[in-house]
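Everything below concerns the one structure shown next.
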Amino acid sequence: MADIFELMLTLDLRDELSGEELAELRWHLGLGPKPEVLRIVTEFPFVDETDDGELVVGDDPQPLLGRAGEAWKVDGALVSVLLRREHTWRGAWALTSRQEIHPDEFDVTGRLLCWLAARAGDCHRRADGSVDLGWTRFHESRQAKPLVVRDGVVHWPS
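In terms of numbering that gives the first Met the number 0, the sequence shown opens at residue 0 and continues consecutively.
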């Protein structure tokens, strides 16, 4: 599992989150309990192989940005924070998350990132309609690349 990337989100969210959405977002950030009903990311598929070589397909909901503590590959700490802003000209919520992510997690995490991009403050929107969420970098690199959502698709590093 050496293909680890740093995922750094720094964004402001508009004040249009329902109580249910806010609860689920807090869960994804490791800041609250899992809601009974998931509305943002509803499927967490996995495939596992039994000792007999049989493939088992399942659904295992996990917080997508909830790791906290010492980073394994990217140095420093993993953390997620969601704060209500006092001055809402940039957005009502400030979100910062630093996580380690494997390419196998890009798809499911991308669904959450697209949801966040749709609610990002105007300061994150480019003229072409894309949304800057932060940046990514391969764990051995010092060169970060912008993390952008364009047309409902996350543009992950290749």
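The beta-carbon is built from N, C-alpha and C at its ideal position, and this holds for glycine as well. Every value quoted in this text rests on a predicted model; they were computed, and no experiment measured them.
Inter-residue CB distance, residue i and residue j (contact presumed, cutoff 8 Å)
{"i": "residue 12", "j": "residue 111", "result": "That pair is no contact at about 13 Å."}
{"i": "residue 99", "j": "residue 73", "result": "6 Å"}
{"i": "residue 24", "j": "residue 133", "result": "So it is not a contact: roughly 16 Å between Cβ atoms."}
{"i": "residue 113", "j": "residue 151", "result": "5 Å"}
{"i": "residue 55", "j": "residue 44", "result": "That pair is no contact at about 11 Å."}
Pair within 8 Å by beta-carbon distance, residue i and residue j
{"i": "residue 4", "j": "residue 108", "result": "no"}
{"i": "residue 16", "j": "residue 118", "result": "yes"}
{"i": "residue 84", "j": "residue 29", "result": "no"}
{"i": "residue 10", "j": "residue 115", "result": "yes"}
C-alpha gap between residue i and residue j, whole angstroms
{"i": "residue 60", "j": "residue 128", "result": "31 Å"}
{"i": "residue 48", "j": "residue 38", "result": "29 Å"}
{"i": "residue 58", "j": "residue 75", "result": "31 Å"}
{"i": "residue 153", "j": "residue 50", "result": "36 Å"}
{"i": "residue 6", "j": "residue 96", "result": "8 Å"}
{"i": "residue 70", "j": "residue 33", "result": "23 Å"}
{"i": "residue 79", "j": "residue 62", "result": "11 Å"}
{"i": "residue 46", "j": "residue 104", "result": "13 Å"}
{"i": "residue 155", "j": "residue 86", "result": "32 Å"}
{"i": "residue 19", "j": "residue 36", "result": "9 Å"}
{"i": "residue 123", "j": "residue 148", "result": "10 Å"}
Burial state of residue i, where buried means 16 or more other Cβ atoms lie within 10 Å
{"i": "residue 27", "result": "buried"}
{"i": "residue 77", "result": "buried"}
{"i": "residue 1", "result": "exposed"}
{"i": "residue 126", "result": "exposed"}
{"i": "residue 52", "result": "exposed"}
Threshold first: 4 residues or longer. Then list the alpha helix (DSSP H) segments lying entirely within the segment 3-56, N to C. 18-27
Tell me the start and end of each unbroken beta strand (DSSP E) in the segment 92-133 that is at least 3 residues and wholly inside, in chain order. 92-100
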